[in-house]
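Participant: Numbering of the sequence shown is given in the UniProt record's numbering, commencing with residue 1 and proceeding in unit increments.
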Amino acid sequence: MRELKLRTIVLATSAALAAAMAVSPVSAETPEAPGQGANAPTAKNIILMVPDGLGMSYVTATRIFLNGPDGDPLYFETLPQIGYQRTHSADSTVTDSAAAGSAWATGEKFNNGEASCHSDGLTCLESPPTILELSKAEGKMTGLVATSTITHATPAVFGAHSHSRQCQAEIGRQLVEVTGVDVLLGGGIGGNRDGYNCEQYPGQDPNSVLALAQGLGYTYVMDETAMNDAVAAGDEKILGLFTPGGKTPEMFRVDPEETYPLGEPTLPEMTTAALDVLEESNQGFFLMVEGSQIDWAGHANDLDYLLAETIAFDEAVQVVQDWIAADPAREEQTLLIVVGDHETGGMMINGPYGELSEPGDKIEDGWTSGGHTAQDTFIWSQGPGSSLLGGVLQNTDLFDAMESVLQTN
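Below is the structure:
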């Protein structure tokens with residue numbers, strides 16, 4: 001948690017101080033903040049998993065489709081600690097992903113569109129350190145995995161600071177040159193969009209960022225085989241860009257009318273690769289994994305797309321749970337958090353009414369929006385520090401929980 005500022009008690013005279021000490025001894029100890037002290041929990045590893053746009057109706061619809069109304073929960077639903085968070089940004093009841101992610105990353109509220117940067121619309125006026133940057137300062141390795149471009153809003157806010165999430169090439173430069181995130185796996189690198197004051201970064205584009213990364217020692221991989229070869233070779237700096245934009249939708253894996261590109265890794269496979277690299281760090285690691293396109297499915301009000309992306313995300317959670325369970329020390333040393341940044345689409349389950357669904361059935365869906373909504377979102381967690389994530393929270397409280405287990409290492 002943020003450093004506590006002790007209030008100084010000013011005594012009128014030294015005689016008064018002496019008299020007070022004569023009556024009762026003065027303790028030199030100061031009260032400890034919650035989560036601090038000798039018995040405070042610590043985490044060697046912090047894994048934050050983000051199903052972007054996930055509301056509770058998404059969870060219910062996916063569970064019914066996979067397992068039926070009375071079937072097993074999804075993997076992330078089995079995490080023992082449950083809470084929920086308020087999602088508003090500094091300037092809007094309905095947040096965007098940049099402001100929501102920045103709240104987690106830094107513990108502060110931001111305006112929509114800002115990426116871990118309080119800005120005047122042109123430059124960063126104040127850029128508080130992110131949990132990824134603090135982890136790196138502690139000697140930990142770091143990783144970002146996403147099914148969007150790797151420079152999209154959610155991954156961006158953990159390793160970069162920008163007045164606008166739309167300056168993706170500048171964000172990419174910061175990820176590799178300034179912050180030096182060790183593992184970056186996802187879609188491509190986005191460009192700088194016109195109209196957002198990104199022209200202050202001339203000459204930047206995805207190709208220039210890629211060339212910069214390679215010059216800085218990153219191993220650049222474009223498919224699953226190359227990714228796995230880099231992991232097996234012990235490469236510690238890996239940049240995996242598997243599509244020009246966002247990754248191929250997960251529903252293409254199961255839709256007979258679509259084709260999932262041969263050799264393109266899935267979200268669970270990218271998560272496995274990231275863990276294989278980061279687990280070699282003696283100091284531990286910070287890893288953020290995002291199922292980015294759950295949100296895109298919500299924007300499209302597309303139930304099939306939503307189900308496929310949520311299932312793939314849940315499979316990635318299973319990868320992490322299995323990795324933790326494989327070693328008792330990991331269970332004691334790893335904080336795992338699963339949380340959606342906001343809900344998208346205002347999806348409701350309207351039926352069937354009068355009959356009970358079976359596994360494989362799709363619910364009857366209704367939507368109120370093609371954008372984000374202001375619903376609170378659930379937090380599932382386990383491991384050291386998870387006790388701080390129950391009940392009703394602000395999204396900024398997630399940073400406090402992560403920092404509290406980090407700063408006592």
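Glycine is no exception: its CB is placed at the ideal position from the N, C-alpha and C atoms.
Indicate whether residue 265 and residue 235 have their beta-carbon atoms separated by less than 9 Å.
Facilitator: Numbered from 1 along the sequence shown, position 265 holds the residue referred to as residue 265. Numbered from 1 along the sequence shown, position 235 holds the residue referred to as residue 235. Going by C-beta atoms, residue 265 is not nearer than 9 Å to residue 235.
Participant: What number of angstroms, rounded off, separates the C-alpha of residue 69 from the C-alpha of residue 325?
Facilitator: Position 69 of the sequence shown, counted from the start, is the residue given in the question as residue 69. Position 325 of the sequence shown, counted from the start, is the residue given in the question as residue 325. Spanning the two alpha carbons is a distance of roughly 28 Å.
Participant: Which residues in the same chain have their Cβ closer than 6 Å to the Cβ of residue 186, if we skip the five residues on either side of it in sequence?
Facilitator: Counting from 1 along the sequence shown, the entry for residue 186 is found at position 186. Only 146, 150 meet the Cβ criterion.
Participant: Assuming residue 393 and residue 85 form a contact by the criterion Cβ under 8 Å, report the distance between their Cβ atoms to the nearest whole angstrom.
Facilitator: Here residue 393 is taken as the residue at index 393 of the sequence shown, counted from 1. Here residue 85 is taken as the residue at index 85 of the sequence shown, counted from 1. Confirmed, Cβ separation roughly 5 Å.
Participant: List in chain order: all unbroken alpha helix (DSSP H) runs of 4+ residues lying wholly within the stretch 83-147.
Facilitator: The qualifying runs are 97-106, 131-137.
Participant: Please name the residue, chosen from 363, 395, 65, 388, that lies closest to residue 41 on a Cα-to-Cα basis.
Facilitator: Taking the first residue of the sequence shown as position 1, residue 41 is located at position 41. It is 388.
Participant: Return the first residue and the last residue of the alpha helix (DSSP H) that residue 272 is part of.
Facilitator: Reading the sequence shown from its first residue, position 272 is the one you call residue 272. Residues 267-278.
Participant: Quick check: the stretch 97-111 against the stretch 347-365, are there 3 or more CB pairs under 8 Å?
Facilitator: Contact fails: fewer than three Cβ-Cβ distances are below 8 Å.
Participant: Under DSSP, the alpha helix (DSSP H) around residue 366 begins and ends at which residues?
Facilitator: Mapped onto the sequence shown, residue 366 falls at position 366. It is not in any alpha helix (DSSP H) - residue 366 instead sits in the beta strand (DSSP E) that spans 364-366.
Participant: Note the first and the last residue of the continuous alpha helix (DSSP H) segment covering residue 176.
Facilitator: Here residue 176 refers to the residue found at position 176 when the sequence shown is read from its first residue. It is not in any alpha helix (DSSP H) - residue 176 carries neither H nor E in the DSSP assignment.
Participant: Do residue 382 and residue 307 count as a contact pair if the criterion is CB distance below 9 Å?
Facilitator: As a working note, residue 307 is residue 307 in the sequence shown. As a working note, residue 382 is residue 382 in the sequence shown. Their beta carbons are not under 9 Å apart, which means residue 307 does not touch residue 382 by this criterion.
Participant: For residue 283, is the classification buried or exposed, using 16 other Cβ atoms within 10 angstroms of its Cβ as the cut-off for buried?
Facilitator: Within the sequence shown, the letter at position 283 stands for residue 283. With fewer than 16 other Cβ atoms within 10 Å, it is exposed.
Participant: Do residue 141 and residue 286 have their CB atoms nearer than 9 Å?
Facilitator: What you label residue 141 is simply residue 141 of the sequence shown in a count that begins at 1. What you label residue 286 is simply residue 286 of the sequence shown in a count that begins at 1. Yes, the pair counts as a contact, with Cβ atoms nearer than the cut-off.
Participant: Could I get the ranges of all uninterrupted beta strand (DSSP E) runs contained in the stretch 207-252, with 3 residues as the minimum, in chain order?
Facilitator: Counting whole runs of 3 or more residues, the stretch 207-252 contains the beta strand (DSSP E) stretches 219-221, 238-241.
Participant: Could you name the residues that DSSP lists as bridge partners for residue 290?
Facilitator: As a position in the sequence shown, residue 290 is number 290, starting the count at 1. Note: residue 290 sits in a beta bridge opposite 50, 146.
Participant: Considering only residues of the same chain and omitting the five flanking positions on each side of residue 268, which have a CB-CB separation below 8 Å?
Facilitator: What you label residue 268 is simply residue 268 of the sequence shown in a count that begins at 1. Taken in chain order, the residues that qualify are 312, 315, 316, 318, 319.
Participant: Residues in its own chain within less than 6 Å of residue 396 by CB, not counting five upstream and five downstream?
Facilitator: Taking the sequence shown and counting its residues from 1, one reaches residue 396 at position 396. Excluding residues within five positions, the ones whose Cβ falls inside 6 Å are 103, 107.
Participant: Given this structure, state the Cα-to-Cα distance separating residue 48 from residue 72, to the nearest angstrom.
Facilitator: Here residue 48 refers to the residue found at position 48 when the sequence shown is read from its first residue. Here residue 72 refers to the residue found at position 72 when the sequence shown is read from its first residue. Answer to the nearest angstrom: the Cα atoms are 23 Å apart.
Participant: Determine, using beta carbons only, whether residue 130 and residue 116 come nearer to each other than 9 Å.
Facilitator: Locating residue 130 in the sequence shown gives position 130, counting from the first residue. Locating residue 116 in the sequence shown gives position 116, counting from the first residue. Yes, they are a contact pair.
Participant: Taking all protein chains shown into account, decide if residue 199 is buried (16 or more other Cβ within 10 angstroms of its Cβ) or exposed.
Facilitator: As a working note, residue 199 is residue 199 in the sequence shown. With fewer than 16 other Cβ atoms within 10 Å, it is exposed.
Participant: Taking only three categories from DSSP, how would you classify residue 162?
Facilitator: As a first step, residue 162 is located in the sequence shown; it is residue number 162 there, counting from the start. Three-state DSSP puts residue 162 in a strand.
Participant: State whether the stretch 133-140 contacts the stretch 255-262, with contact taken as three or more CB pairs (one from each stretch) at a distance under 8 Å.
Facilitator: In short, these stretches do not touch, since the Cβ pair count stays below three.
Participant: Would you tell me roughly how many angstroms separate the C-alpha atoms of residue 345 and residue 366, rounded to the nearest one?
Facilitator: What you label residue 345 is simply residue 345 of the sequence shown in a count that begins at 1. What you label residue 366 is simply residue 366 of the sequence shown in a count that begins at 1. Approximately 9 Å between the Cα atoms of the pair.
Participant: Which residues in the same chain as residue 245 place their Cβ atom closer than 7 Å to its Cβ, once the five residues preceding and following it in sequence are excluded?
Facilitator: Position 245 of the sequence shown holds residue 245. Cβ neighbours of residue 245 beyond the five flanking positions: 149, 187, 188.
Participant: Determine whether the Cβ of residue 220 lies closer than 9 Å to any Cβ atom of chain D.
Facilitator: Absent from the structure is chain D; it holds one protein chain and no more.
Participant: Grouping DSSP H, G and I as helix and E and B as strand, with all else coil, what is residue 347?
Facilitator: The residue labelled residue 347 in the question sits at position 347 within the sequence shown. In this structure, residue 347 counts as coil in the three-state DSSP scheme.
Participant: Should residue 52 and residue 371 be called a contact, given that it needs their Cβ atoms to be closer than 9 Å?
Facilitator: Locating residue 52 in the sequence shown gives position 52, counting from the first residue. Locating residue 371 in the sequence shown gives position 371, counting from the first residue. Going by C-beta atoms, residue 52 is not nearer than 9 Å to residue 371.
Participant: Check for me: the alpha helix (DSSP H) holding residue 262 runs from which residue to which?
Facilitator: What you label residue 262 is simply residue 262 of the sequence shown in a count that begins at 1. Residue 262 -> no alpha helix (DSSP H), and no H or E assigned at all.
Participant: Based on the DSSP output, what are the partners of residue 399 in its beta bridges?
Facilitator: Counted from its first residue, the sequence shown places residue 399 at position 399. Partner(s): none; residue 399 has no beta bridge.
Participant: How is the beta strand (DSSP E) around residue 339 delimited, first residue to last?
Facilitator: Along the sequence shown, read from residue 1 onward, the residue named residue 339 stands at position 339. 334-339 is the span of the beta strand (DSSP E), which, as asked, contains residue 339.
Participant: Give the DSSP-derived three-state secondary structure of residue 254 in the structure shown.
Facilitator: For the purposes of this step, residue 254 is taken as the residue at position 254 of the sequence shown. Residue 254: coil per DSSP, three-state reduction.
Participant: Could you give the distance in angstroms between the alpha-carbon of residue 398 and the alpha-carbon of residue 299?
Facilitator: In the sequence shown, the residue the question calls residue 398 occupies position 398. In the sequence shown, the residue the question calls residue 299 occupies position 299. The alpha-carbon atoms of residue 398 and residue 299 are separated by roughly 26 Å.
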